[in-house]
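A short worksheet on the structure shown next.
Protein chains: 2
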Amino acid sequence: MSKFIEAYKQTEYKLAGNGTRNIQVLKETLENWDGEQESDLYGKGKIIEEFQIKLANYLGKESAVFFPSGTMAQQIALRIWCDEKGIKKVAYHPLSHLEIHEEDGLKELHHIEPILLADKDRVIDLEDVMGLKEDIACLLLELPQREIGGQLPDYQTLEAISAHCKEKGIQLHLDGARLFEILPYYEKSAAEICELFDSVYVSFYKGIGGIAGAILVGNISFTEKSKVWKRRHGGDLISLYPYILSSDYYFDQRVDKMNQYYIEAKELAGYYNQCHGISTLPSVPVSNMFHVHIHAPKEEVETVLTEIYLQTGIGFTSYLREGTNGTTNYEVSIGDMYGQIPTEQLRKAFHLLDEKLKENVK
Amino acid sequence: MSKFIEAYKQTEYKLAGNGTRNIQVLKETLENWDGEQESDLYGKGKIIEEFQIKLANYLGKESAVFFPSGTMAQQIALRIWCDEKGIKKVAYHPLSHLEIHEEDGLKELHHIEPILLADKDRVIDLEDVMGLKEDIACLLLELPQREIGGQLPDYQTLEAISAHCKEKGIQLHLDGARLFEILPYYEKSAAEICELFDSVYVSFYKGIGGIAGAILVGNISFTEKSKVWKRRHGGDLISLYPYILSSDYYFDQRVDKMNQYYIEAKELAGYYNQCHGISTLPSVPVSNMFHVHIHAPKEEVETVLTEIYLQTGIGFTSYLREGTNGTTNYEVSIGDMYGQIPTEQLRKAFHLLDEKLKENVK
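Residue numbers (my numbering), protein chains in the order written: chain A, -9 to 352; chain B, -9 to 352.
As structure tokens, then:
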């Protein structure tokens, strides 16, 4: 283990996340359940059916299906819409999860061709959609756009894109991996946002902090088809309860904390932006997340942060990515951890970071 | 709930299985682990890597990959072999899991055409393989052939098929969902049997009694490709530890009990075959499993069994399937439950079953 990671692990406080991804996350969930409770069985049974109904209601859709992963749920959603329209084309952002994190599953398994909309460094706008020259079955919007720090279009743009898609017969799918996290910014309910979309996927191990798992919602005809595809993908497991129970448990604990995380993300981004050579993207967060860009090479940042971790007991990040032109960046997602840090200690740590960057970074 | 199922649930003893599929199965696993233990992370980390090495060694192959399901693992194995050979054809039994339980995932996702070998009511023989008129990339053998009661070819046939495939450049894949269960009959180690195959899948929720999960083994080039496909399928979850830890825990507990289960299966099949109007398939089991065929309609069998459950406290089966010509059948897989039944009580129950069938069944 590097000195940097070791120093991070030993800090008393962490800026980001809901805590270590350890087995305690599952143990705590199960402490609330009687051992006699029967498992779900290939998508049937109390545990899975009740959670699906709960989330369908929360998201304001007719029906919901629990999936082991969002990768599986979203490829399936796009496949269903493509089959329905008889067009094997969809559109999404160039930095969509499907394009950069799934080993081209959509192309290799479903033979669906994506059309990449917008530039890499901004979100999809109405004009991008109106400018489409080819027929597509489905447009996928990711809210917030994670790979550019979690940016969002304004709500009017969403409404306009939704209306345009409805008019043109294009299905609109929401990659809502971080849907709960954007509700405070839009000041909308989840159901109000989902109303603009034909199908929606949400995740339970981002802001919610569960172990793994996803829900896909839409009308019943859509979700019934998704169950067939779930079996084809090998996702219709005999038991999914470890993921369902933890999703449910942490959903109840954290879904109403998203406003707190959002406020804290803005506060924390403020601290960062006051430091020499640091800017956040977006400069004012619109969810619980943002990216930190430091105008210094990775090795220098690593040295500086390691010293700060050891001196202050506050862990800023567990990893660093090399950016362009000798810069360094990382992602921050606020969870339960941030609120536990004493304000004075936090200010001191940022003061130290500012000073060290001034000393070390030209 | 039907009276039949209710009566079954209330019996003190069950003939089949390792006990109820309830949450206690996971709770017991986790009691042996410190909450501080870190999760696996997208296929990396101590928990997943150590179990993969353990199973690769046990199965005598270079490398192993943990999958959430066998459905996913096997489609991927066949896809890799098809891509390698440039032939989109495989051969397997007409009652293979891929053919009847996976909603045609192999065809719909991978566009692989299966050639069905042998008749439905017998296992694949060397002559079936030698008689193949088309080029195939891979032959899949399921040992034991579950849908016909868990039948096996003799070991010489296996060796001959393996040698033939090697000669013809056909990859040989083992559907070893119940591989551990057949070792006592063949009197071979798992590694000795796997030696005959290029790739092998094993399951952890049949005889082993875990929650879910599968291992796929082969050479490193094969397993590395399988990891890419696992991500494409949506099976490369951020955390698979609930399945890995339970697979490991119950593997250690039960893998050496397979001989006991096998002996008990033969004993239990003997009891059944002494009853009026009942025969088992196979008549002498070759693993821990067999099918029970009763020459009476489902409703009559249900009535008879419900009475026996209530009178004797022994549950024979939790479900019944309608067979052809007014017959009824169900599957039995021996696990930990069988050994707990007092012999006298068991004999009485079978005596009662015999009498009731004589009375009721012409």
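Where is the CB? At the ideal position from N, CA and C, for every residue including glycine.
Query - B:P332 burial status per 10 Å Cβ neighbour count (16 or more: buried) - result: In the second sequence, counting from the first residue as 1, residue 332 of chain B sits at position 342. Of the other Cβ atoms in all chains shown, fewer than 16 fall within 10 Å of the Cβ of B:P332; this residue is therefore exposed.
Query raised in the report: If you draw a straight line from the alpha carbon of A:N8 to that of A:Y239, how long is it in whole angstroms?
Result: By 1-based counting over the first sequence, the position of residue 8 of chain A is 18. By 1-based counting over the first sequence, the position of residue 239 of chain A is 249. When the Cα atoms are used, A:N8 and A:Y239 turn out to be separated by approximately 14 Å.
**Report entry** Reduced DSSP category for B:C265 - H, G, I as helix; E, B as strand; rest coil
**Finding:** On the second sequence, position 275 is the one that residue 265 of chain B refers to. Reduced to three states, the DSSP call for B:C265 is coil.
Query - Unbroken beta strand (DSSP E) run spanning B:T302, endpoints - result: Start at 1 with the first residue of the second sequence, and residue 302 of chain B comes out as number 312. No beta strand (DSSP E) holds B:T302; the alpha helix (DSSP H) holding it covers K288 to T302.
Query raised in the report: To which residues of the same chain is B:P275 closer than 6 Å at the C-beta, ignoring the five residues directly before and after it?
Result: As a working mapping, residue 275 of chain B is identified with position 285 in the second sequence. For B:P275, where only same-chain residues beyond five positions count, the Cβ hits under 6 Å are A255, K256 and A259.
Report task. Determine the contact status of B:G203 and B:S237, defining contact as a CB-CB distance below 8 Å. Result -> Looking up residue 203 of chain B in the second sequence gives position 213. Looking up residue 237 of chain B in the second sequence gives position 247. Less than 8 Å divides the Cβ of B:G203 from the Cβ of B:S237.
Report task. Would you verify that the beta carbon of A:P104 is, or is not, closer than 8 Å to some beta carbon of chain B? Result -> The residue labelled residue 104 of chain A in the question sits at position 114 within the first sequence. By this cut-off, A:P104 is not an interface position.
Query raised in the report: Straight-line CA distance for A:V245 to A:I198?
Result: Within the first sequence, numbered from 1, the residue matching residue 245 of chain A stands at position 255. Within the first sequence, numbered from 1, the residue matching residue 198 of chain A stands at position 208. Each residue's alpha carbon lies about 7 Å from the other.
Query raised in the report: On the premise that B:I114 lies in contact with B:H83, defined as a C-beta separation below 8 Å, what is that separation, rounded to the nearest angstrom?
Result: Within the second sequence, the letter at position 93 stands for residue 83 of chain B. Within the second sequence, the letter at position 124 stands for residue 114 of chain B. Yes, they are in contact, since the Cβ atoms of B:H83 and B:I114 sit about 6 Å apart, within 8 Å.
Query raised in the report: So B:S277 packs on B:R112, CB below 8 Å; how close in whole Å?
Result: Taking the first residue of the second sequence as 1, we reach residue 277 of chain B at position 287. Taking the first residue of the second sequence as 1, we reach residue 112 of chain B at position 122. In fact, because the Cβ distance is near 16 Å, the residues do not count as touching under 8 Å.
Query raised in the report: By the 10 Å Cβ neighbour count, where 16 or more other Cβ atoms means buried, how is A:A339 classified, buried or exposed?
Result: Within the first sequence, the letter at position 349 stands for residue 339 of chain A. By the neighbour-count criterion, in which 16 or more other beta carbons inside 10 Å mark a residue as buried, A:A339 falls on the buried side.
Report task. Measure the alpha-carbon distance for A:I66 versus A:I102 and round it to whole angstroms. Result -> The count along the first sequence starts at 1 and reaches residue 66 of chain A at position 76. The count along the first sequence starts at 1 and reaches residue 102 of chain A at position 112. Approximately 11 Å between the Cα atoms of the pair.
Query raised in the report: Going along chain B, which residues have a C-beta under 8 Å from A:S237?
Result: Your numbering for residue 237 of chain A matches position 247 in the first sequence. The contacting residues do not exist; A:S237 stays about 12 Å from chain B at best.
Query - the stretch 320 to 328 of chain B in contact with the stretch 299 to 311 of chain B per 3-pair CB rule at 8 Å - result: Three or more beta-carbon pairs separated by less than 8 Å link the stretch 320 to 328 of chain B to the stretch 299 to 311 of chain B, which places the two stretches in contact.
Requested in this report: Please report how far the alpha carbon of A:G121 lies from the alpha carbon of A:V192, in whole angstroms.
Outcome: Indexing the first sequence from 1 puts residue 121 of chain A at position 131. Indexing the first sequence from 1 puts residue 192 of chain A at position 202. Taking the straight line joining both Cα atoms gives about 28 Å.
Query raised in the report: For B:I323 and chain A, any beta-carbon pair shorter than 8 Å?
Result: For the purposes of this step, residue 323 of chain B is taken as residue 333 along the second sequence, with counting starting at 1. Note that residue 323 of chain B is Ser in the sequence shown, not Ile. No, B:S323 does not count as interfacial toward chain A.
Query - When A:L49, A:R221, A:Y176 and A:E171 are compared against B:E92, the one with the closest alpha-carbon - result: Counting from 1 along the second sequence, the entry for residue 92 of chain B is found at position 102. The shortest C-alpha separation from B:E92 is found at A:R221.
Query raised in the report: Which ranges would you report for the alpha helix (DSSP H) in the stretch 175 to 215 of chain A if only whole runs of at least 4 residues count?
Result: Within the stretch 175 to 215 of chain A, the runs of alpha helix (DSSP H) at least 4 residues long that lie entirely inside it are, in chain order, 180 to 184.
Requested in this report: Could you work out which residues of chain A lie near B:W23, taking near to mean beta carbons separated by less than 9 Å?
Outcome: By one-based count along the second sequence, residue 23 of chain B stands at place 33. Listed by position along chain A, the residues whose Cβ is nearer than 9 Å to that of B:W23 are I13 and K17.
Requested in this report: Could you say which of B:T19, B:R11, B:K(-1) and B:Q14 lies nearest to B:Q243 if we only look at CA atoms?
Outcome: Working through the second sequence from its first residue, we reach residue 243 of chain B at position 253. For the residues B:T19, B:R11, B:K(-1) and B:Q14, the minimum Cα distance to B:Q243 belongs to B:T19.
Requested in this report: Count the other C-beta atoms from every protein chain shown that fall within 10 angstroms of the C-beta of B:Q141, then say buried if there are 16 or more, exposed otherwise.
Outcome: Numbered from its first residue, the second sequence carries residue 141 of chain B at position 151. Label assigned to B:Q141: buried.
Query raised in the report: The alpha helix (DSSP H) with A:K51 in it runs from where to where?
Result: Walking along the first sequence from the start, residue 51 of chain A turns up at place 61. Segment: none, A:K51 is in no alpha helix (DSSP H) and carries neither H nor E.
Query - Residue-level contact to chain A via CB, B:H87, 8 Å cutoff - result: Working through the second sequence from its first residue, we reach residue 87 of chain B at position 97. Look at B:H87: its C-beta is not under 8 Å from any C-beta on chain A.
**Report entry** Short Cβ contact (8 Å threshold) for B:P284 with B:I298
**Finding:** Translated into the one-based positions of the second sequence, residue 284 of chain B becomes position 294. Translated into the one-based positions of the second sequence, residue 298 of chain B becomes position 308. Just to set this straight, residue 284 of chain B is Ile in the shown sequence, not Pro. Taking 8 Å as the cut-off, the Cβ atoms of B:I284 and B:I298 do not count as close.
Query raised in the report: Applying a beta-carbon distance threshold of less than 8 Å, which residues of chain B neighbour A:V218?
Result: One-based indexing of the first sequence puts residue 218 of chain A at position 228. A:V218 reaches chain B at E93, counting residues in chain order whose Cβ is nearer than 8 Å.
Report task. Note down the Cα distance separating A:R136 from B:E89, rounded to an integer number of angstroms. Result -> Reading the first sequence from its first residue, position 146 is the one you call residue 136 of chain A. Reading the second sequence from its first residue, position 99 is the one you call residue 89 of chain B. Looking at the backbone, the Cα of A:R136 and that of B:E89 are separated by about 40 Å.
Requested in this report: Run through the stretch 213 to 244 of chain B for me and flag every whole alpha helix (DSSP H) of 4 or more residues, listed as ranges in chain order.
Outcome: If we require 4 residues or more, the alpha helix (DSSP H) runs fully inside the stretch 213 to 244 of chain B come out as 231 to 244.
Requested in this report: Could you have a look at B:G60 and say whether DSSP puts it in helix, strand or coil?
Outcome: In the second sequence, counting from the first residue as 1, residue 60 of chain B sits at position 70. If DSSP states are grouped into helix, strand and coil, B:G60 belongs with the helices.
Query raised in the report: Can you find a CB in chain B that lies within less than 8 Å of the CB of A:T10?
Result: Taking the first residue of the first sequence as position 1, residue 10 of chain A is located at position 20. Closer than 8 Å to some Cβ of chain B, the Cβ of A:T10 qualifies, so yes.
Requested in this report: Going by CA-CA distance only, name the one from A:Q250, A:I37 and A:D73 that's closest to A:S29.
Outcome: As a first step, residue 29 of chain A is located in the first sequence; it is residue number 39 there, counting from the start. Residue A:I37 is the option with its Cα nearest to A:S29.
Requested in this report: Flag this pair as yes or no: are the beta carbons of A:L68 and A:L130 separated by less than 8 Å?
Outcome: Indexing the first sequence from 1 puts residue 68 of chain A at position 78. Indexing the first sequence from 1 puts residue 130 of chain A at position 140. Taking 8 Å as the Cβ cut-off, A:L68 and A:L130 qualify as a contacting pair.
Query raised in the report: For B:I105, which option in B:L96, B:A81 and B:E98 has the closest C-alpha, if you only look at C-alpha atoms?
Result: Taking the first residue of the second sequence as 1, we reach residue 105 of chain B at position 115. The residue among B:L96, B:A81 and B:E98 with its C-alpha nearest the C-alpha of B:I105 is B:A81.
Report task. List in chain order: all unbroken beta strand (DSSP E) runs of 3+ residues lying wholly within the stretch 85 to 169 of chain A. Result -> The stretch 85 to 169 of chain A contains these whole beta strand (DSSP E) runs: 103 to 106, 128 to 132 and 161 to 166.
Report task. Quick one: give me the first and last residue of the beta strand (DSSP E) that B:Y353 is part of. Result -> The requested residue 353 of chain B does not occur in the structure, where chain B is confined to residues -9 to 352.
Query raised in the report: Based on the DSSP secondary-structure assignment, which residues constitute the bridge partners of B:I(-5)?
Result: Start at 1 with the first residue of the second sequence, and residue -5 of chain B comes out as number 5. Among the bridge pairs identified by DSSP, B:I(-5) is matched with none.
Query - DSSP state of A:A6 mapped onto helix, strand, coil - result: Along the first sequence, read from residue 1 onward, the residue named residue 6 of chain A stands at position 16. A:A6 carries a coil assignment under DSSP once its states are collapsed to helix, strand and coil.
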